[in-house]
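This note's numbering puts the first residue of the sequence shown at 115, with every later residue one more than the last. Think of the CB as a built atom: it goes at the ideal place given N, C-alpha and C, for glycine as much as any other residue. Encoded as structure tokens, the structure appears first; notes follow it.
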Amino acid sequence: MLVDSHCHLDDKRFAEDLDAVLDRAAEAGVTRILTIGTGDGPPGIDCAVRIAERYPMVFASIGVHPHDAAKVTTQTYDELRALAANPKVVAFGEIGLDYHYDFSPREIQREVFTEQLRLACDLALPITIHTREAWDDTMSILSEHWKGQAILHCFTGDPTQARQALAMGFHLSYGGVLTFKTAEHVREAARITPDDRLLIETDAPYLAPIPHRGKRNEPSMMVETLRKLADVRGTTPEAIAALTTANFERLCLRPPNATRYTEVSDGN
Ligand SMILES: [Zn+2]
Ligand SMILES: [Zn+2]
115 MLVDSHCHLD DKRFAEDLDA VLDRAAEAGV TRILTIGTGD GPPGIDCAVR
165 IAERYPMVFA SIGVHPHDAA KVTTQTYDEL RALAANPKVV AFGEIGLDYH
215 YDFSPREIQR EVFTEQLRLA CDLALPITIH TREAWDDTMS ILSEHWKGQA
265 ILHCFTGDPT QARQALAMGF HLSYGGVLTF KTAEHVREAA RITPDDRLLI
315 ETDAPYLAPI PHRGKRNEPS MMVETLRKLA DVRGTTPEAI AALTTANFER
365 LCLRPPNATR YTEVSDGN
């Protein structure tokens, strides 16, 4: 059992062969996938829900990526609220700040991030956070506006940043970057992350792990990251798979959401 806690199955690179991608995932032991609902921004933020409705193993998040913050209107928040009623929606995100690309003005990114934190809190959903070259602003907004569960997705920080996020009660999700030669600081962070705060993801179709680097990433490739994570922490892939699965279930599939999943059994 293995959970990919962050990927983008709505990406057009999966449009031709999504069934085969999910078959390969299941063969590799990936039993659950959280697909992220940010898409190309409003109004297409129902993309993950639509995919999750088609495949029992797929769960959905909803939210607006910082790249698309400038496209948000008041209708967007109404739409997110309505989508949250879907039983396959188990998380809010990815939300946060991206000062690398600056596709939306920073001031608007901060506003939309804060507003979505309010909404996620209202909806009692855990959040998945995207932060790039915006660490300090991300952490200060979170410490002011967020008290619930959070996942720092594709964590690529160093041990100091890991400790800061862990002290705030957050989970750290490691992806393909963990296998990159230059990512020793990420491996050091992965070494000090407690068992009960650890998650694993692909961020597919992006960031394929070595030896697939540069190719389209997909959930089945997560076994490379799993092996590296086990190696770094001096344990077995099976042990990492078990504890990251338990962490995902506790975060996203248990109360207050638990009663919403009775019709989705294990192993689908
Ligand atoms: Zn991201
Ligand atoms: Zn992502």
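- If you draw a 10 Å sphere on the C-beta of S334, you find 16 or more other C-beta atoms in it, and that means buried.
- Three or more Cβ pairs drawn from the stretch 242 to 260 and the stretch 203 to 214 lie within less than 8 Å of each other, which places the two stretches in contact.
- Remark: the shortest separation between the CB of H267 and any heavy atom of ligand 1 falls under 7 Å.
- The beta-carbon distance between L365 and Q263, rounded to whole angstroms, is 6 Å. This is short enough to meet the 8 Å contact definition.
- Classified as buried, K202 has 16 or more neighbouring CB atoms from the shown chains inside 10 Å of its CB.
- Taking a cut-off of 8 Å for Cβ pairs, the stretch 269 to 278 and the stretch 225 to 243 do not touch, as fewer than three such pairs fall below it.
- With 16 or more neighbouring CB atoms inside 10 Å of its own CB, R146 falls in the buried class.
- With 16 or more neighbouring CB atoms inside 10 Å of its own CB, Y288 falls in the buried class.
- When C-alpha distances from Y320 are compared across V117, M115, K126, L116, the shortest belongs to K126.
- Looking at the backbone, the Cα of W260 and that of A355 are separated by about 28 Å.
- With a 10 Å radius around the Cβ and a threshold of 16 neighbouring Cβ atoms, D160 comes out buried.
- Under the 10 Å beta carbon count, G328 is surrounded by fewer than 16 other beta carbons and is classified as exposed.
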